[in-house]
Structures are given as C-alpha cells and as structure tokens.
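Here is the structure we will look at.
Numbering (my numbering), first residue to last: 37 to 184.
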C-alpha cells in the first residue's frame with residue numbers, strides 16, 4: 037500500500053468519532069482498542085492497545101499508531117507518528133479509526149458502537165445502557181454508556 041488513505045485533517049469524514057475522541061473520557065483509548073481488535077488476530081492485541089494508550093498516554097498512542105501502520109502496510113515515518121500522536125492526538129486517532137473502518141468494515145463513517153460485534157442492550161426506565169467490547173481468553177471487557 038502507500039501512505040494513509042485519509043489525511044490527518046480528514047476528521048470531517050467522521051465528525052462524530054472526532055468529537056468522541058475529543059470529548060468522551062477514554063474515547064481515544066476505545067478507538068485504538070477497536071482498531072487493534074479489527075486489525076490484529078492476536079486476542080491480546082486490544083488489551084495491549086488499551087493499556088498502552090491508557091497508561092502511557094502519547095507514548096502508547098505512538099506505539100499503537102506504529103503497530104497499526106505495520107498491520108495495514110501504510111508507509112510513513114515514526115517521526116510523523118510521534119508528531120501526530122503528541123501534537124494532534126484527536127486527529128491522529130480519528131485518522132487511524134476511519135482508515136481501519138474503511139479497510140475492515142467498508143465504511144469510514146462506522147460508529148464505534150457499530151464497529152464491534154456483541155453489542156448488547158439493557159433497557160431500564162427509559163434509559164438505554166449499552167454494553168460492548170471484546171472478550172480475551174474468557175475475560176470480558178466492557179465499555180458502558182448511558183443514553184437518556
């Protein structure tokens with residue numbers, strides 16, 4: 037392949053996920069975890085991606101971006117990975133996410149709650165609780181969101 041299919045400022049291709057990465061606590065971590073799940077057959081990849089991004093901040097984001105580039109055969113430099121992960125983290129994570137959604141799901145506008153299988157709903161007094169995410173070696177990891 038060549039470079040990135042989507043440029044760093046193509047956040048408007050999926051504006052909802054860009055806002056998600058900026059405003060939702062751990063939103064970027066969730067997006068990088070989904071990217072790892074969809075691009076890596078290793079069952080521990082999503083956990084490693086989540087822990088890298090959560091515990092190591094921009095360093096973890098850079099590592100995740102580097103791994104993603106190699107999995108998708110995207111030619112770019114580590115220097116650009118560092119620059120974008122440290123200076124434009126929301127744009128970088130959105131670029132990664134829409135690239136993965138385009139290549140793996142066929143639609144860069146796929147929302148994070150549609151991206152993984154196993155989405156479950158639990159209705160409780162006019163509120164919908166969304167439980168989602170992934171399973172690794174019998175351990176289930178969930179992200180919970182509440183909509184009124």
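Quick reminder that beta carbons are idealized off the backbone N, C-alpha and C, glycines included.
If you're wondering where the values come from, they're calculated on a predicted model, not measured in any experiment.
Cβ of residue i within 9 Å of any chain C Cβ
i	result
residue 101	The question asks about chain C, but that chain is absent: this structure has only one protein chain.
Rounded separation between residue i and residue j - CA only
i	j	result
residue 138	residue 123	24 Å
residue 136	residue 74	8 Å
residue 150	residue 113	31 Å
residue 79	residue 48	31 Å
residue 39	residue 134	14 Å
residue 70	residue 143	15 Å
residue 104	residue 50	19 Å
residue 93	residue 116	17 Å
Secondary structure of residue i, DSSP reduced to three states
i	result
residue 73	helix
residue 39	coil
residue 121	helix
residue 60	coil
residue 53	helix
residue 104	helix
residue 157	Since pLDDT at residue 157 reaches only 42, below the 50 mark, its modelled position is unreliable, and the value read off the structure follows with that caveat. Three-state DSSP puts residue 157 in a strand.
residue 132	helix
residue 48	helix
residue 95	helix
residue 88	helix
residue 148	helix
residue 139	helix
Residues near residue i by beta carbon distance below 6 Å, same chain, minus five either side
i	result
residue 65	86, 89 and 90
residue 140	74
residue 96	88 and 89
residue 56	63
Own chain, CB closer than 8 Å to residue i, minus 5 neighbours either side, in chain order
i	result
residue 45	127
residue 43	131
Which listed residue (the options) has its alpha carbon closest to that of residue i
i	options	result
residue 98	80, 143 and 118	118
residue 68	110, 101, 115 and 120	101
residue 72	55, 63 and 83	83
Distance cut-off 8 Å: residue i Cβ against heavy atoms of the ligand NAP
i	result
residue 110	Ligands are entirely absent from the displayed structure, and the ligand NAP is therefore not among its contents.
7 Å Cβ shell around residue i - same chain, five flanking residues per side excluded
i	result
residue 107	75 and 76
residue 52	147
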